[in-house]
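A.B. asks:
Number of protein chains: 2
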Amino acid sequence: MSREQIVTGAADMIRRRGLNATSIREVAKHAGTPLGSTYHYFPGGKTQLAAEAVQWAGGTVSKVLTAKLRKGPVDGLRAFFALWRQIVTESGFQAGCPVLAVSIEENASPQALVAAADAFRAWTGQLAASLEEHGVAPGRARSLANLCVSAAEGAVAMCRAERSIDPLDDVAAELTALLQAATEDPEMRHTVHNRG
Amino acid sequence: MSREQIVTGAADMIRRRGLNATSIREVAKHAGTPLGSTYHYFPGGKTQLAAEAVQWAGGTVSKVLTAKLRKGPVDGLRAFFALWRQIVTESGFQAGCPVLAVSIEENASPQALVAAADAFRAWTGQLAASLEEHGVAPGRARSLANLCVSAAEGAVAMCRAERSIDPLDDVAAELTALLQAATEDPEMRHTVHNRG
DNA sequence: GCTAACCTATGACGAGCGTTATAGCCAGAG
DNA sequence: CTCTGGCTATAACGCTCGTCATAGGTTAGC
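The listed protein sequences correspond, in order, to chains A and B. Quick note on full-length UniProt numbering: the first sequence kicks off at 1 and runs consecutively. Quick note on full-length UniProt numbering: the second sequence kicks off at 1 and runs consecutively.
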């Protein structure tokens, strides 16, 4: 179906250029559909298209998380980072996360921003739930989940700037160890102390 | 001087809207200078202006880091996060980091991207050096520094999307504890193990 | 074969963009 | 006072943008 190609194409372009630099004309051309079709499928215009693109991207990641978190939080985290690693390397450091891209453009599209917040909350929620299932205290689980998602998003951007995959790999290694400690060591399951 | 106002104004607009949505006309208007002056001061056009804005923003943060890291890596980290917290809250979740903004826009401006990479490398370099001075092994210091900067950048973006300061505070608390452990516990000073 | 519903195709609209050119101002040196 | 060089002011260039309107096609049910 054409409609789906437009959404995924828009997500791909937002991933690379950001929302403002993604024009509906180019999205349509990239999807092989005429410009008019875009406004037929998305009467809400660019705002609606952006929101759906972010929603689609968020859902895609969520599905991977759902599948991999069944083997535990550490496996979920590894899959999460593997996913970003693939996007960054296969694009030659040109592509990143459309959810992040929409989040940092003021007034770009209120609906898209809401979709971005939903995506972030879904990812952290899934990870936190898995951590709780493995014995981590709720508050600390939320804290760790926010750290994991934040760090992954930031590392992807750093990799693109530095044209090196090192930041992402470093961050993945640190967080893997941290999550292992939190799930395996009973003393590490609770809220962060002031002294380690 | 006018020139400086143009650079800081550009940085401020990039912080909020991203690079592509920041027009030279609006930067000039915001700085109270005529459009022609912009091309007088920055013959390289938007590319040069963007690069200088990113450089300025990177340098500002670096100065804060230099000052606060003298009291140790944990104090430096706290100042780093306090800085971002202030930007996010005082703007009502409208402003973030211009270095990140430039990093995620493909082909926006090669010179600005180089400046962004330089800024990231400066920040992580300073933090890693401070960690090494406090007994952390070099490889692990780099790893931790990448984690801190990545997580801060990502958390700022998440805060803007969710319109909540919680992600940034969660991440700050986790990383503070992690850096304290790494600098105080001799067993935590070396490369990450597979088991915590 | 007719009709109705969906989709396509094309072109136009006003607005904003980056950039350039050119003429004017206005301090300070001689 | 004059002149010169750094800055201002203004207008224009070609281009792309989001959006809309409108006419053309194409297919399914009768």
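Think of the CB as a built atom: it goes at the ideal place given N, C-alpha and C, for glycine as much as any other residue. Remember, it's a predicted structure, so these values are computed and weren't measured experimentally.
Quick check: the Cα distance between B/Gly-58 and B/Val-99, rounded to an integer number of angstroms?
C.D. replies: 7 Å
A.B. asks: Name the chain B residues that come within less than 7 Å of A/Leu-113, Cβ to Cβ?
C.D. replies: Ala-161
A.B. asks: Answer with yes or no whether the minimum CB distance from A/Gly-18 to chain B is below 8 Å.
C.D. replies: yes
A.B. asks: Just verifying my parser: in three-state terms, what is the DSSP assignment at A/Gln-94?
C.D. replies: Of the three classes helix, strand and coil, the one that applies to A/Gln-94 here is coil, per DSSP.
A.B. asks: Where does the unbroken alpha helix (DSSP H) through A/Ile-14 begin, and where does it stop?
C.D. replies: 2 to 17
A.B. asks: Would you kindly work out how many angstroms separate the C-alpha atoms of B/Thr-66 and A/Lys-63, rounded to a whole number?
C.D. replies: 43 Å
A.B. asks: Quick check for students: name the residue ranges of the beta strand (DSSP E) that lie wholly in the stretch 118 to 149 of chain B, counting only runs of 3 or more.
C.D. replies: none
A.B. asks: Just the C-alpha distance for A/Pro-73 and A/Glu-174, rounded to the nearest angstrom, thanks.
C.D. replies: 14 Å
A.B. asks: Nearest-angstrom Cα distance between B/Leu-144 and B/Ala-182?
C.D. replies: Taking the straight line from one Cα to the other gives about 9 Å.
A.B. asks: Establish whether the CB of A/Gly-36 and some CB of chain B are separated by less than 8 Å.
C.D. replies: no
A.B. asks: Would B/His-193 be called buried (16 or more neighbouring beta carbons within 10 Å of its own) or exposed?
C.D. replies: Only weak support exists for where B/His-193 lies, its pLDDT of 46 falling under 50; the coordinates are left without a value.
A.B. asks: Could you spell out the range, first to last residue, of the alpha helix (DSSP H) harbouring B/Thr-66?
C.D. replies: 45 to 68
A.B. asks: Between B/Val-7 and B/Gly-36, what straight-line distance do the alpha-carbon atoms span, to the nearest angstrom?
C.D. replies: 15 Å
A.B. asks: Please list the partners that A/Arg-142 has in chain B, where partner means a Cβ-to-Cβ separation under 7 Å.
C.D. replies: Asp-170
A.B. asks: Could you tell me whether the Cβ atoms of A/Gly-9 and A/His-30 are closer together than 8 Å?
C.D. replies: yes
A.B. asks: Is the Cβ of A/His-193 closer than 8 Å to any Cβ of chain B?
C.D. replies: Any answer about A/His-193 is weak, because its pLDDT of 47 lies below 50 and its placement is not dependable; what the coordinates show is given next. By this cut-off, A/His-193 is an interface position.
A.B. asks: Compare the Cα-Cα distances from B/Arg-140 to each of B/Asp-118, B/Ala-172, B/Leu-179 and B/Ala-115 and report the closest residue.
C.D. replies: B/Leu-179
A.B. asks: Taking contact to mean 3 or more Cβ pairs, one atom from each stretch, closer than 8 Å, check whether the stretch 111 to 129 of chain A and the stretch 129 to 139 of chain B are in contact.
C.D. replies: no
A.B. asks: From B/Phe-120, B/Pro-43 and B/Arg-25, pick the residue whose C-alpha is nearest to that of B/Gly-101; which is it?
C.D. replies: Position check: residue 101 of chain B holds Ala in this sequence, whereas Gly was assumed. The shortest C-alpha separation from B/Ala-101 is found at B/Phe-120.
A.B. asks: With 16 as the cutoff for other CB atoms within 10 Å, does A/Trp-90 come out buried or exposed?
C.D. replies: Here residue 90 of chain A turns out to be Glu, not Trp, going by the sequence shown. Exposed is the call here.
A.B. asks: For B/Arg-25, collect the residues of the same chain with a Cβ closer than 7 Å to its Cβ; drop the 5 residues on either side in sequence, then sort them by chain order.
C.D. replies: Within the same chain, Cβ atoms closer than 7 Å to the Cβ of B/Arg-25 are found at Leu-35, the five residues on either side in sequence being excluded.
A.B. asks: In whole angstroms, what is the alpha-carbon distance linking A/Leu-83 and A/Ser-150?
C.D. replies: 15 Å
A.B. asks: In chain A, what lies closer than 8 Å to B/Val-74 by C-beta?
C.D. replies: What B/Val-74 touches in chain A: nothing, since even the nearest Cβ is about 10 Å away.
A.B. asks: Straight-line CA distance for A/Thr-60 to B/Cys-148?
C.D. replies: 27 Å
A.B. asks: Use the C-beta contact count for B/Gln-86: other C-beta atoms within 10 angstroms, 16 or more gives buried, fewer gives exposed.
C.D. replies: Around the beta-carbon of B/Gln-86, fewer than 16 other beta-carbon atoms lie within 10 Å, marking it exposed.
A.B. asks: A/Ala-79 versus chain B: which residues are under 8 Å apart at the beta carbon?
C.D. replies: Close to A/Ala-79, with beta-carbon spacing below 8 Å, lies no residue of chain B; the smallest spacing is near 17 Å.
A.B. asks: Counting C-beta neighbours from all protein chains within 10 Å, is the total for B/Pro-167 16 or more, i.e. buried, or is it exposed?
C.D. replies: Classification for B/Pro-167: buried.
A.B. asks: Are the C-beta of A/Ala-53 and some C-beta of chain B separated by less than 8 Å?
C.D. replies: no
A.B. asks: Strictly below 9 Å CB to CB, what residues from chain A border B/Pro-167?
C.D. replies: Phe-120, Thr-124, Asn-146, Leu-147, Val-149 and Ser-150
A.B. asks: Look at the alpha carbon of B/Arg-195 and the alpha carbon of A/Ala-177, and state the distance between them as a whole number of angstroms.
C.D. replies: For B/Arg-195, the pLDDT reaches just 32, beneath the cut-off of 50, and the residue's location in the model is therefore unreliable, leaving the point undetermined.
A.B. asks: Which of the residues in the stretch 93 to 106 of chain B, read from start to end, lie with their CB under 7 Å from any CB of chain A?
C.D. replies: Gln-94, Gly-96, Leu-100, Ala-101, Ser-103, Ile-104, Glu-105 and Glu-106
A.B. asks: Quick one: which chain A residues come within Cβ less than 7 Å of B/Gly-9?
C.D. replies: Ordered by position in chain A, no residue passes the 7 Å Cβ test against B/Gly-9, which lies about 15 Å from the chain.
A.B. asks: Between B/Leu-178 and chain A, is there a C-beta pair that is closer than 8 Å?
C.D. replies: yes
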